[in-house]
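Report on the following structure.
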Amino acid sequence: MRVIVNAESMMAMSHDSNNRAWRDGRVTQEELKAKVLATQLQGVGLKAFLCPGHANGISIFEEHRHAAEYEIYPVLLNASNYSRDMQQLGMVRFAWKQFRQLGIKNLLGIITIGIRHPRPILMRDFRYASMLLAAMEIAKFKMFHPRVVFLHPQITDLALANGNKDFFKLFANFVRGKYRAEAGLITNNLGFLLEKLEDWDIDVTHVVGPVNRQGYHMKPDQQRCEKLILNTNRVVVATEVTPSAIPSEDDLEYLRRLNISSLVVQLDNIPDAIKLIESIEQKQNDRKCVNG
Numbered sequence: 430m431r432v433i434v435n436a437e438s439m440m441a442m443s444h445d446s447n448n449r450a451w452r453d454g455r456v457t458q459e460e461l462k463a464k465v466l467a468t469q470l471q472g473v474g475l476k477a478f479l480c481p482g483h484a485n486g487i488s489i490f491e492e493h494r495h496a497a498e499y500e501i502y503p504v505l506l507n508a509s510n511y512s513r514d515m516q517q518l519g520m521v522r523f524a525w526k527q528f529r530q531l532g533i534k535n536l537l538g539i540i541t542i543g544i545r546h547p548r549p550i551l552m553r554d555f556r557y558a559s560m561l562l563a564a565m566e567i568a569k570f571k572m573f574h575p576r577v578v579f580l581h582p583q584i585t586d587l588a589l590a591n592g593n594k595d596f597f598k599l600f601a602n603f604v605r606g607k608y609r610a611e612a613g614l615i616t617n618n619l620g621f622l623l624e625k626l627e628d629w630d631i632d633v634t635h636v637v638g639p640v641n642r643q644g645y646h647m648k649p650d651q652q653r654c655e656k657l658i659l660n661t662n663r664v665v666v667a668t669e670v671t672p673s674a675i676p677s678e679d680d681l682e683y684l685r686r687l688n689i690s691s692l693v694v695q696l697d698n699i700p701d702a703i704k705l706i707e708s709i710e711q712k713q714n715d716r717k718c719v720n721g
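If you count by the numbering used here, then the sequence shown holds residues 430 to 721, one letter each, in order.
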């Protein structure tokens, strides 16, 4: 079973009282702790991370002397972060902050996208404006050579609710054509999304969403989700596998029965990481004994 750590949980971005310090680029105790934790997780064999596109999240990994050994999966276009930053900074300061973080080398690529699609961007076409923002974010991940680039669930589910087939096609072509990576989607509506991707014939290879024995957040319902997961050719990565940090043997067996080989976990300490690894290794050893 492959474990991917959600870097957002390491930084405690959702509940930390120093959110503004993170967004403004100031070093905080939380950032220092997150860097130490990333090093420790790598030391026990956890090297794959879902990483948000803001600069502070990336800095946790890029300054590490073994940065190339991390497997970083960018999560692009967190709409709530953009909205919050624009409200606090204003449009001009927000734009300046984004360009300042890019650097000259990356800026040329962004300008090229603007030149190729000036009319839809100036007309505030959601699809092309989103790709421009995505290009700004993904440029920060170049040193990690990501194999899969994911779309944030807020944007995924918004486009899904509006039946925006063209947006998903544009995103997949953008990621694959410009960055030679596979396109992935994170969603809170796994069953609905898998159905639509099949109907629309969208070339998205990875889908991340809630999968658990209790059927929690498995929409439209658990039975339908299970059937779609078993029948899809896409790689399904499970989230919300368990309320705790450590999935049980039953949780892991449930994923295995659905042919799911990867899960996303929330980890903010090393003891839980070690317990998780031991639990997965024990399950694998038990299977070998049964089969052998």
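Built from N, CA and C at the ideal position, the CB exists for glycine as well.
- Taking 8 Å as the cut-off, the beta carbon of M647 is found closer than this to the beta carbon of L619.
- Membership of I433 in the beta strand (DSSP E) is indicated by the continuous run 431-435.
- Secondary structure of Y502 (DSSP, three-state): strand.
- In the same chain as R642, and ignoring 5 residues on each side of it, the C-beta atoms closer than 7 Å to its own belong to D679, D680, Y683, in chain order.
- Taking the C-beta atoms as reference points, V578 is found nearer than 8 Å to P503.
- Measuring C-alpha to C-alpha distances from D586 to each of M560, R609, V636 identifies V636 as the nearest.
- Its Cα nearest to that of L687, the residue E655 stands out among A702, V670, E655, E669.
- Closest option to T671, judged by alpha-carbon separation, among L705, Q652, I699, V665: L705.
- Annotation for F600: the continuous alpha helix (DSSP H) segment containing it runs 594-608.
- For H581 against I615, the beta-carbon gap comes to about 6 Å, under 8 Å, which counts as contact.
- Using a 10 angstroms sphere on the CB of N507, the tally of other CB atoms reaches 16 or more, which defines it as buried.
- With respect to the C-alpha of E500, the residue from M560, N698, A436 having the closest C-alpha is A436.
- The C-alpha of A674 is placed about 7 Å away from the C-alpha of D701.
- According to the DSSP assignment, I615 belongs to the beta strand (DSSP E) that extends over 611-615.
- In terms of CA proximity to K462, I699 leads the group I699, I709, E566.
- Counting every other CB atom within 10 Å of its CB across the protein chains shown gives K571 a total below 16, marking it as exposed.
- The alpha-carbon separation between T661 and L626 amounts to approximately 10 Å.
- The Cβ-Cβ distance between A601 and I631 falls below 8 Å.
- Taking the CA atoms as reference points, V640 sits about 14 Å from M430.
- For S691, DSSP records a beta bridge to R431, V666.
- If you draw a straight line from the Cα of F478 to the Cα of A588, it comes to about 25 Å.
- For R576 and E498, the gap between their C-alpha atoms comes out near 13 Å.
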